[in-house]
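S.K.: Shown below is the structure under consideration.
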Amino acid sequence: MAHLHIEQHFTGSKMVRDLVIGMADGLTVPFALAAGLTGATQNHWIIIIAASAEIAAGAIAMGLGGYLGTQSEAETYASELDREYRETRELPEHERQEVREVFQNYGLKGETLESAVKAITSDRDAWVQFMMREELGLEKVEAGRALKSGLTIGGAYIAGGLFPLAPYFFPIPVPQALFYSVIVTLFALGLFGFFKAKFTGMMPWKSALQTAFVGGLAAGCAYLIARLISSLAPGM
Numbered sequence: 005m006a007h008l009h010i011e012q013h014f015t016g017s018k019m020v021r022d023l024v025i026g027m028a029d030g031l032t033v034p035f036a037l038a039a040g041l042t043g044a045t046q047n048h049w050i051i052i053i054a055a056s057a058e059i060a061a062g063a064i065a066m067g068l069g070g071y072l073g074t075q076s077e078a079e080t081y082a083s084e085l086d087r088e089y090r091e092t093r094e095l096p097e098h099e100r101q102e103v104r105e106v107f108q109n110y111g112l113k114g115e116t117l118e119s120a121v122k123a124i125t126s127d128r129d130a131w132v133q134f135m136m137r138e139e140l141g142l143e144k145v146e147a148g149r150a151l152k153s154g155l156t157i158g159g160a161y162i163a164g165g166l167f168p169l170a171p172y173f174f175p176i177p178v179p180q181a182l183f184y185s186v187i188v189t190l191f192a193l194g195l196f197g198f199f200k201a202k203f204t205g206m207m208p209w210k211s212a213l214q215t216a217f218v219g220g221l222a223a224g225c226a227y228l229i230a231r232l233i234s235s236l237a238p239g240m
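Numbered by the numbering used here, the letters in the sequence shown go through residues 5 to 240 in order.
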């Protein structure tokens with residue numbers, strides 16, 4: 005009896021990847037900062053203002069990084085595309101040999117190899133696209149992708165940062181706010197890790213525990229360092 009074989013690969017779009025990048029840091033960094041500040045002060049507003057400033061700065065920095073990174077990919081693709089068109093016109097035999105070497109790496113030989121080379125190089129557009137993918141490993145960046153990437157990463161960072169900060173807005177003692185922040189953020193980290201596994205192919209519960217552990221470890225370290233510094237600083 006034949007068994008159904010289901011392959012699991014990363015099938016998420018580039019937007020999903022951007023959401024993962026922004027949300028992961030947005031949940032972790034402000035959480036660690038708020039926890040660290042709780043170890044040094046009992047003032048709600050100091051924690052809220054400092055963490056809000058970090059969320060804003062982090063969202064801008066990461067969003068700008070996503071924009072510039074994607075824009076750089078688009079510029080690199082355009083430059084290499086022009087170069088490949090030029091080389092197929094000016095150095096056709098050299099470029100055919102590169103196509104031949106790619107197919108040889110896939111195990112093609114003899115007449116099969118030459119037929120494949122001829123088929124690809126008979127159409128210049130297909131030839132160039134083949135070289136872009138197989139030789140350079142480059143894919144075309146869709147129009148407007150850089151802006152979408154920057155906004156998605158920045159927005160996800162802000163959304164993630166609101167989870168650990170939310171309890172500090174309530175009129176409760178700061179240590180209690182920290183406790184609720186830990187509960188809310190670890191739950192959010194675990195949930196984020198669980199759903200992230202749906203796109204990465206990891207085991208969902210393993211991903212959830214791993215993500216929550218890393219975030220909790222970062223916050224715990226920040227809290228202990230702040231407590232140590234505040235205990236040594238005069239007047240605190």
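We put the CB at the ideal spot given by N, CA and C, even for glycine.
1. Excluding five sequence neighbours on each side, which residues of the same chain lie with their C-beta closer than 7 Å to the C-beta of T92?
2. Quick one: what does DSSP say E115 is sitting in, helix, strand or coil?
3. Can you confirm whether I157, when its beta carbon is compared against all beta carbons of chain C, has any partner nearer than 7 Å?
4. For P175, which of A150, W49, G62, V145 has the nearest alpha-carbon?
5. Suppose you measure from the CA of L155 to the CA of G67; what does that come to, to the nearest Å?
6. Using 7 Å as the threshold, is the C-beta distance between P208 and F196 below it?
7. May I ask you to report which of helix, strand or coil DSSP gives Y184?
8. Which runs of the alpha helix (DSSP H) at least 4 residues long sit entirely within the region 47 to 85? Give them in chain order.
9. Beta-carbon within less than 6 Å of Q75's beta-carbon, same chain only, minus the 5 sequence neighbours each way: which residues are those?
10. In or out: G165 buried (at least 16 other Cβ within 10 Å) or exposed?
11. Just verifying my parser: in three-state terms, what is the DSSP assignment at I124?
M.R.: According to the structure data:
1. E99, R128, W131, V132
2. helix
3. The structure shown contains no chain C; it holds only a single protein chain.
4. Considering only alpha carbons, the answer is W49.
5. 6 Å
6. no
7. helix
8. Here no run is fully enclosed.
9. The beta carbon of Q75 sits closer than 6 Å to those of A150, all from its chain and outside the five residues before and after it, given in chain order.
10. buried
11. Reduced to three states, the DSSP call for I124 is helix.
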